[in-house]
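What the sequence shown shows, in the working numbering, is residues 1 to 61, in sequence order. Following: one structure in structure tokens, then a few remarks.
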Amino acid sequence: DEWEGVYLCPVRDMADDVPYALCPYCPATQSTEPTYPEMRAHRLERRRQECLANYWTNYKG
């Protein structure tokens, strides 16, 4: 999965157990949550809520 220009991998931390894993050469980082397709919508909604909260917190009007 790709999020904000960073590739996420759900099994990156388990690479040490596999002798022929390509993880040492892979640019992906370990994801903190599952990388299911529906999680992208959840992350987008969470980001939208964070942006709205930041806007109202810093609103000087």
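Beta carbons: idealized from backbone N, C-alpha and C, even for Gly.
- For Y25, the three-state secondary structure derived from DSSP is helix.
- Going by beta carbons, L8 and T29 fall inside the 8 angstroms limit.
- Shown here for S31: same chain residues with a beta carbon closer than 6 angstroms to its own, the five before and five after excluded, namely L8 and P10 in chain order.
- For Y55 and R47, the gap between their C-alpha atoms comes out near 12 angstroms.
- According to the DSSP secondary-structure assignment, C51 is paired through a beta bridge with no residue.
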